[in-house]
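Peer 1: I'd like to ask you about the structure that follows.
Residue numbers (my numbering): 1 to 257.
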């Protein structure tokens, strides 16, 4: 006779982050790790959780330290986070800290934390720290900062990147300290479509320019006969060229346009 298997025994064991095992709010990171914290702690740095505190709270807390626990309590609040468990832990520590500190993260990971600040309506104090960290880590990486700003439509962050550039570095797609290479189109391709259009319209103009192009011309042979030949010669062609305005004017138009 086949032994009966208890369905509960086949439930996958939840993996908890060791620093966040108890609370009435659960976060599930994109690697499946669970994190729990109390709403009143999170309310220090998040207006969303402040609002949640004014609502009826679920009884009890989630206890991830209990090894027999195989599922998140159904009466708890659950958030799925598009970030790793370590990044989620840094974010939670940031918003419940009495004195929030600069997150120890890379530029791209700090940008993800900024996204979480927007998602959870973090206080201005917390958001300012994250934005300051982004700006501080963007030294010699202004195009990366501009791309981050563009995909979040964060004009103020974009302003910081543009103000630290100059016209010469921008039109060549370089950092201000670089003197060689030209990657304008590549750098622009990293921006959101909307910002690509805004910046292209702002700094470029369409005009006729003279360029050497291969074309058909009529020549006369030594015997006096006309014949067609392909040769390089000056040709008027439509082109996009950079406007002559100063860089400060471009930045101002970007902010007000």
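Even glycine gets a Cβ: it sits at the ideal position worked out from N, Cα and C.
By Cβ distance, which residues of its chain are closer than 6 Å to residue 143, with the 5 residues on each side in sequence left out?
Peer 2: Here residue 143 corresponds to residue number 143 of the chain shown, with the count starting at 1. Contacts found: 187.
Peer 1: Below 8 Å, can you find three or more Cβ-Cβ pairs linking the stretch 75-95 to the stretch 116-135?
Peer 2: With the cut-off at 8 Å, the stretch 75-95 and the stretch 116-135 touch.
Peer 1: If you run the structure through DSSP and keep just helix, strand and coil, what is residue 205?
Peer 2: Translated into the one-based positions of the chain shown, residue 205 becomes position 205. DSSP places residue 205 in strand when its eight states are reduced to three.
Peer 1: Tell me which same chain residues have a C-beta within less than 7 Å of the C-beta of residue 182, skipping the five on either side of it?
Peer 2: Mapped onto the chain shown, residue 182 falls at position 182. If we look at residue 182 and ignore the five residues flanking it on each side, its Cβ neighbours are 172 and 173.
Peer 1: Which of the three DSSP states is assigned to residue 160 in this structure?
Peer 2: The residue given as residue 160 occupies position 160 in the chain shown. Residue state, collapsed to three classes: helix.
Peer 1: In whole angstroms, what separates the C-alpha of residue 157 from that of residue 133?
Peer 2: Here residue 157 corresponds to residue number 157 of the chain shown, with the count starting at 1. Here residue 133 corresponds to residue number 133 of the chain shown, with the count starting at 1. Computed Cα separation, rounded: 12 Å.
Peer 1: State the beta-bridge partners of residue 234 as determined by DSSP.
Peer 2: Here residue 234 corresponds to residue number 234 of the chain shown, with the count starting at 1. Note: residue 234 sits in a beta bridge opposite 212.
Peer 1: Along the chain, where does the beta strand (DSSP E) containing residue 26 start, and where does it finish?
Peer 2: Translated into positions along the chain shown, residue 26 becomes position 26. That run of the beta strand (DSSP E) goes 25-28.
Peer 1: So what does DSSP say about residue 252, is it helix, strand or coil?
Peer 2: As a first step, residue 252 must be located in the chain shown, where it is residue number 252. Looking at residue 252 - three-state DSSP - the assignment turns out to be helix.
Peer 1: Thinking just about the alpha-carbon of each residue, which of 25, 129 and 105 is nearest to the one in residue 97?
Peer 2: As a position in the chain shown, residue 97 is number 97, starting the count at 1. Nearest C-alpha to residue 97: 129.
Peer 1: Give the straight-line distance between the Cα atoms of residue 61 and residue 175, rounded to the nearest whole angstrom.
Peer 2: Taking the chain shown and counting its residues from 1, one reaches residue 61 at position 61. Taking the chain shown and counting its residues from 1, one reaches residue 175 at position 175. The predicted position of residue 61 is uncertain, since its pLDDT is 45 and thus under 50; no value can be drawn from it.
Peer 1: Return the CA-CA distance between residue 25 and residue 34, expressed in angstroms with no decimal places.
Peer 2: Within the chain shown, numbered from 1, the residue matching residue 25 stands at position 25. Within the chain shown, numbered from 1, the residue matching residue 34 stands at position 34. If you take the alpha carbons of residue 25 and residue 34, they lie about 10 Å apart.
Peer 1: Can you give me the C-alpha to C-alpha distance between residue 184 and residue 191, rounded to a whole angstrom?
Peer 2: Within the chain shown, numbered from 1, the residue matching residue 184 stands at position 184. Within the chain shown, numbered from 1, the residue matching residue 191 stands at position 191. One C-alpha to the other measures close to 11 Å.
Peer 1: In the structure shown, what three-state DSSP assignment does residue 246 receive?
Peer 2: The residue labelled residue 246 in the question sits at position 246 within the chain shown. The answer is coil: DSSP assigns residue 246 none of H, G, I, E or B.
Peer 1: Could you give the distance in angstroms between the alpha-carbon of residue 214 and the alpha-carbon of residue 202?
Peer 2: Position 214 of the chain shown holds residue 214. Position 202 of the chain shown holds residue 202. Spanning the two alpha carbons is a distance of roughly 32 Å.
Peer 1: Among 92, 161, 216 and 243, which residue has its Cα nearest to the Cα of residue 234?
Peer 2: For the purposes of this step, residue 234 is taken as the residue at position 234 of the chain shown. Cα-wise, what sits closest to residue 234 is 216.
Peer 1: For residue 154, which of helix, strand or coil comes out of DSSP?
Peer 2: Here residue 154 corresponds to residue number 154 of the chain shown, with the count starting at 1. Here residue 154 sits in coil by DSSP.
Peer 1: Am I right that residue 265 and residue 115 are in contact with their C-beta atoms under 8 Å? What's the rounded C-beta distance?
Peer 2: Within the shown structure, residues of the chain are numbered from 1 to 257, placing residue 265 beyond reach of any answer.
Peer 1: Quick check on this structure: which residue in 137, 101, 140 and 147 has the alpha carbon closest to the alpha carbon of residue 127?
Peer 2: On the chain shown, position 127 is the one that residue 127 refers to. Measuring from the Cα of residue 127, the nearest candidate turns out to be 101.
Peer 1: Cα separation between residue 106 and residue 138?
Peer 2: Within the chain shown, the letter at position 106 stands for residue 106. Within the chain shown, the letter at position 138 stands for residue 138. Using only the alpha carbons, I get a separation of about 10 Å.
Peer 1: Between the Cα of residue 27 and those of 18, 43, 85 and 50, spot the shortest distance and give me the residue it belongs to.
Peer 2: Along the chain shown, read from residue 1 onward, the residue named residue 27 stands at position 27. Among 18, 43, 85 and 50, the Cα nearest to that of residue 27 is on 85.
Peer 1: Cα separation between residue 22 and residue 47?
Peer 2: Translated into positions along the chain shown, residue 22 becomes position 22. Translated into positions along the chain shown, residue 47 becomes position 47. One C-alpha to the other measures close to 21 Å.
Peer 1: Do residue 95 and residue 103 count as a contact pair if the criterion is CB distance below 8 Å?
Peer 2: If you number the chain shown from 1, residue 103 lands on position 103. If you number the chain shown from 1, residue 95 lands on position 95. The answer is no: Cβ separation not under 8 Å.
Peer 1: Taking residue 219 as the reference, which of 113, 229 and 150 has the closest Cα?
Peer 2: Along the chain shown, one-based indexing puts residue 219 at 219. For residue 219, the nearest C-alpha among the options comes from 229.
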